[in-house]
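Chains as they are written, first to last, in my numbering: chain A, 14 to 456; chain B, 1265 to 1396.
Cβ atoms here follow ideal geometry from the backbone N, Cα and C, with glycine treated the same way.
As the structure is a computational prediction, the values presented were derived from the model and not from experiment.
Please read the structure below before turning to the comments.
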Amino acid sequence: MRYLPHTPEDVAAMLKAVEIDSLEGLFAHIPKDCRRKDALKIPQPLTEWELNDHIDTLAGSMAVSPQYKVFMGAGSYEHYIPSAVSFLLSRSEFVTAYTPYQPELSQGTLQAIYEYQTLATRLLGMEVANASQYDGASSLAEAMLMAIRVSRQKTVAVSRAVHPSYRRVLETYFEPTDLNIRELPYLSDGTTDLSSIEDMGDLGAVALQSPNFLGCIENIEALKQKLQNKKALLVVCFSEPLAYGLYKNPGQCGADIACGEGQSLGIPRSFGGPALGMFASKMKYVRNMPGRLVGQTTDLDGKRGHVLTLATREQHIRREKATSNICTNHSLCALAAAMYMAALGGSGFKELARLNYDKSEYLKTALVNAGFKLPFSRATFNEFVIEFPAGFKKTYQRLLKKKIVAGLPLAGFYPELKNHYLLCVTETMTREDMDTLVKEVSS
Amino acid sequence: MKELNELNFPADVRYAESHEWVRSEGDSVKVGITDYAQDQLGDIVFVELPEVGDTLDKGEEFGTVESVKAVSELYMPIAGEIVAVNSSLEDAPEKVNNTPYGDGWMIEVKAEDPSEMDDLMDNDAYLGTLKG
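The structure is reproduced here in structure tokens:
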């Protein structure tokens, strides 16, 4: 396959048309100090098998499961993916990241996305879900912009226990605008401190993540109470939607917008991507929702059909007044999530959630019994924070050599949380894996 | 779309360049969009209106009108306070297509300066702008 589309003949013909002698002449007006002087350091071409070797070597340099026991989640979770999901997803009818641009011709794709939207609303307890965003972080940023459109305010508040990467993306979105972000600190129990909200004046939105980045279940209903008769929308964010198989979902807690990451639902971790931005809201705000939306209707003969609906919100029609400048979505990942949810079913989903909780509680209890400190008392789902003794770094490195990743060191994200590690246990961990971890960190 | 001579431009309202009309009704004025505007937009499916009590300047956006093909902003033809909105458009936005100068009215405004009405066009002048 050629990656440079123009042959020397093409280039010569084009140069002749603009009456320039050489390619160098075409770039002559670019200032010298803006031009690269040395040649690009691109390695020589490789054969297919050499390239595969190279990629395998790169892959082998990473600590990934199943070769490693990775007790790390923090926004990306190792879950067993049923073979049915992988098989269905590989069907060529589905293999595209996009919603179709001539949608009515692609009824199958539209129906599949419609099914995803339906399952997403049920999981999140919301009235309407879009066809997906890029990832959890872009979902949160778009949710805050949407809340600002609805509330007509300029300031939003975000919990410090929201995923740090999500907050950085939000800051990037807001940086060139006149919009402001206020941060809500977390309390000693691991939940967000809501006491300062009253003093923040008129807010457009307040965002919590639950379970939050510290693994703790937030008291969203308390925030709902505080926001009564206020303009601010309640935004509930998530990085592990499997938790809603056990805990109340955003809708049950009164969320106006639910947004987050859907990677847990049948999508491999793949070095951080591709991901799935889930986005849902109350129906009354649908016209302010970003992204594409598939609707169901009937044709002239009364037969069921699917359409892209409310497209007048989108950038190809509404231009600079569009509800979002990203109307692309992660269709294939959304379909994976739909297939995953359908494969598990309601009761399977709950069972799996329970299994994650039980296993994670097993490790939590074992670590506490082994003398390690549990800094946050609040209930958790499949992640929790442990404070290890000073100097644990050495133990961490020793475990890494034994192919065990003992969680995520939190000090890089929260300087005050030295020696604190975020540990994750999903259904993929066995009791032996967990017993080994406890034995190793104790020795 | 219709020809200009098929459209209706009554003489009892004043017209803005941005295709809103204004009719004086006692202490306040009613505002809607013209027959030309509704015809250009096509089937109207949603009208977003301001809240009663909002005070807006002349030329400021007071809402949006969404048709099957586009969303357009609505602009205040005259400065003042919103004293009523036509909430029946929520369930029956097609009223704007059917009777743009009647049941399809959008907002009622207490004008800050009623003499601003004089800056708006009469039907002949408005028709002139449409003919280009």
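Should lysine 334 of chain A be flagged as near chain B, meaning a C-beta pair shorter than 9 Å?
Here residue 334 of chain A corresponds to residue number 321 of the first sequence, with the count starting at 1. Yes, lysine 334 of chain A lies at the interface with chain B (some Cβ there is under 9 Å from its Cβ).
Counting only Cβ-Cβ distances shorter than 9 Å, please list the residues of the region 315-330 of chain A near chain B, keeping chain order.
Leu323, Thr325, Arg326, Ile330
Can you check the region 285-370 of chain A for any beta strand (DSSP E) of at least 3 residues that lies completely inside it and give the ranges in chain order?
290-294, 307-311, 317-321
In or out: alanine 76 of chain A buried (at least 16 other Cβ within 10 Å) or exposed?
Here the question's residue 76 of chain A lines up with position 63 in the first sequence. Looking at its Cβ environment, which holds fewer than 16 other Cβ atoms inside 10 Å, alanine 76 of chain A is exposed.
Under 9 Å between C-beta atoms of threonine 131 of chain A and alanine 154 of chain A
Your numbering for residue 131 of chain A matches position 118 in the first sequence. Your numbering for residue 154 of chain A matches position 141 in the first sequence. In this structure, alanine 154 of chain A does not lie closer than 9 Å to threonine 131 of chain A by Cβ.
Limits of the unbroken alpha helix (DSSP H) element including glutamine 120 of chain A:
Looking up residue 120 of chain A in the first sequence gives position 107. Here the alpha helix (DSSP H) through glutamine 120 of chain A covers 120-137.
Using a Cβ-Cβ cut-off of less than 7 Å, give me the residues of the region 1318-1347 of chain B that come near chain A, in sequence order.
The region 1318-1347 of chain B vs chain A, Cβ under 7 Å: Glu1330, Ala1334, Val1335.
Which residues DSSP lists as bridging alanine 1389 of chain B, in chain order
Residue mapping note: residue 1389 of chain B aligns to position 125 of the second sequence, counting from 1. For alanine 1389 of chain B, which the question treats as bridged, DSSP gives no partner whatsoever.
List the residues of chain B whose Cβ lies closer than 8 Å to the Cβ of arginine 300 of chain A, in chain order.
Within the first sequence, numbered from 1, the residue matching residue 300 of chain A stands at position 287. By Cβ distance, chain B contributes Phe1310, Glu1312, Glu1330.
May I have the straight-line CA-CA distance separating aspartate 314 of chain A from glutamate 140 of chain A, to the nearest angstrom?
To locate residue 314 of chain A, count along the first sequence from 1; it is residue 301. To locate residue 140 of chain A, count along the first sequence from 1; it is residue 127. Straight-line Cα distance between these residues: approximately 28 Å.
N- and C-terminal bounds of the alpha helix (DSSP H) containing glutamine 1302 of chain B:
Position 38 of the second sequence holds residue 1302 of chain B. It spans 1299-1305 - the alpha helix (DSSP H) in which glutamine 1302 of chain B sits, taken as one unbroken run.
Which of the three DSSP states is assigned to lysine 1374 of chain B in this structure?
Numbered from 1 along the second sequence, position 110 holds the residue referred to as residue 1374 of chain B. Residue state, collapsed to three classes: strand.
Among A/Glu32, A/Pro428, A/Val454, A/Thr205, nearest to alanine 383 of chain A - alpha-carbon criterion:
Position 370 of the first sequence, counted from the first residue, corresponds to residue 383 of chain A. Out of A/Glu32, A/Pro428, A/Val454, A/Thr205, A/Val454 has the C-alpha closest to the C-alpha of alanine 383 of chain A.
Taking proline 287 of chain A and cysteine 250 of chain A to be in contact with their CB atoms under 8 Å, please state how far apart those CB atoms are, rounded to whole angstroms.
Mapped onto the first sequence, residue 287 of chain A falls at position 274. Mapped onto the first sequence, residue 250 of chain A falls at position 237. At roughly 19 Å, the Cβ-Cβ gap does not stay under 8 Å, so proline 287 of chain A and cysteine 250 of chain A are not in contact.
Between the region 1331-1350 of chain B and the region 1279-1287 of chain B, do at least 3 Cβ pairs fall closer than 8 Å?
yes
Is the beta carbon of valine 1329 of chain B sitting closer than 9 Å to the one on isoleucine 1346 of chain B?
Here residue 1329 of chain B refers to the residue found at position 65 when the second sequence is read from its first residue. Here residue 1346 of chain B refers to the residue found at position 82 when the second sequence is read from its first residue. No, the pair does not count as a contact, with Cβ atoms beyond the cut-off.
Once DSSP output is grouped into helix, strand and coil, what is the label at tryptophan 1369 of chain B?
Here residue 1369 of chain B refers to the residue found at position 105 of the second sequence. In this structure, tryptophan 1369 of chain B counts as coil in the three-state DSSP scheme.
May I have the straight-line CA-CA distance separating tyrosine 111 of chain A from glycine 258 of chain A, to the nearest angstrom?
Taking the first sequence and counting its residues from 1, one reaches residue 111 of chain A at position 98. Taking the first sequence and counting its residues from 1, one reaches residue 258 of chain A at position 245. When rounded, the distance between both Cα atoms is 29 Å.
Put cysteine 47 of chain A into one of helix, strand or coil per three-state DSSP.
Here residue 47 of chain A refers to the residue found at position 34 when the first sequence is read from its first residue. Looking at cysteine 47 of chain A - three-state DSSP - the assignment turns out to be helix.
At what residues does the beta strand (DSSP E) containing phenylalanine 1326 of chain B begin and finish?
Taking the second sequence and counting its residues from 1, the one referred to as residue 1326 of chain B is at position 62. Phenylalanine 1326 of chain B: member of the beta strand (DSSP E) spanning 1325-1331, first to last residue.
Taking just the CA atoms, how far does tyrosine 1279 of chain B sit from asparagine 1350 of chain B?
Along the second sequence, read from residue 1 onward, the residue named residue 1350 of chain B stands at position 86. Along the second sequence, read from residue 1 onward, the residue named residue 1279 of chain B stands at position 15. One C-alpha to the other measures close to 19 Å.
Using three-state DSSP, classify lysine 82 of chain A as helix, strand or coil.
Walking along the first sequence from the start, residue 82 of chain A turns up at place 69. Of the three classes helix, strand and coil, the one that applies to lysine 82 of chain A here is strand, per DSSP.
Of the listed residues B/Pro1314, B/Asn1272, B/Val1295, nearest to serine 1282 of chain B (C-alpha basis)
Taking the first residue of the second sequence as 1, we reach residue 1282 of chain B at position 18. Answer by Cα proximity: B/Val1295.
Enumerate in chain order the residues of its own chain whose CB-to-CB distance from alanine 133 of chain A is below 7 Å, with the five nearest sequence positions on each side excluded.
For the purposes of this step, residue 133 of chain A is identified with residue 120 of the first sequence, where counting begins at 1. Same-chain partners within the cutoff: Ala142, Met291, Ala293.
Going by the CB atoms, is the gap between leucine 1313 of chain B and alanine 1334 of chain B shorter than 9 Å?
Within the second sequence, residue 1334 of chain B is the residue found at index 70, counting from 1. Within the second sequence, residue 1313 of chain B is the residue found at index 49, counting from 1. Result no, Cβ atoms of alanine 1334 of chain B and leucine 1313 of chain B do not sit closer than 9 Å.
Name the residue from A/Phe226, A/Ala268, A/Leu216, A/Ile230 whose alpha carbon lies nearest to the alpha carbon of lysine 237 of chain A.
In the first sequence, counting from the first residue as 1, residue 237 of chain A sits at position 224. Of the listed residues, the one whose Cα sits closest to lysine 237 of chain A is A/Ala268.
Under a three-way DSSP split, which group does glutamate 63 of chain A fall into?
Counting from one through the first sequence, the residue named residue 63 of chain A turns up at place 50. Helix, per DSSP.
Assuming methionine 447 of chain A contacts isoleucine 270 of chain A (C-beta within less than 8 Å), just tell me the rounded distance between them.
Translated into positions along the first sequence, residue 447 of chain A becomes position 434. Translated into positions along the first sequence, residue 270 of chain A becomes position 257. About 36 Å separates the beta carbons of methionine 447 of chain A and isoleucine 270 of chain A, which is beyond the 8 Å limit, so they are not a contact pair.
Which two residues bound the contiguous beta strand (DSSP E) that contains asparagine 193 of chain A?
If you number the first sequence from 1, residue 193 of chain A lands on position 180. That run of the beta strand (DSSP E) goes 193-197.
Between A/Val219, A/Ser103, A/Phe226, which has its C-alpha nearest alanine 235 of chain A's C-alpha?
Here residue 235 of chain A refers to the residue found at position 222 of the first sequence. Ranking the options by Cα distance to alanine 235 of chain A, first place goes to A/Val219.
Indicate whether the contact test is met: 3 or more Cβ pairs, each with one atom in the region 272-282 of chain A and one in the region 326-338 of chain A, closer than 8 Å.
The answer is no - the region 326-338 of chain A does not touch the region 272-282 of chain A, with fewer than three Cβ pairs under 8 Å.
Residue span of the beta strand (DSSP E) that contains isoleucine 399 of chain A, given as start and end:
As a working note, residue 399 of chain A is residue 386 in the first sequence. Segment 396-400, the beta strand (DSSP E) holding isoleucine 399 of chain A.
By alpha-carbon positions, which one of A/Ile210, A/Arg49, A/Arg173, A/Asn242 ends up nearest to proline 224 of chain A?
Locating residue 224 of chain A in the first sequence gives position 211, counting from the first residue. Cα-wise, what sits closest to proline 224 of chain A is A/Arg173.
Quick check on the burial criterion: 16 or more other C-beta atoms within 10 angstroms. Buried or exposed for threonine 180 of chain A?
The residue labelled residue 180 of chain A in the question sits at position 167 within the first sequence. The question names threonine, yet the displayed sequence has arginine at residue 180 of chain A. Buried: at least 16 other Cβ atoms inside 10 Å.
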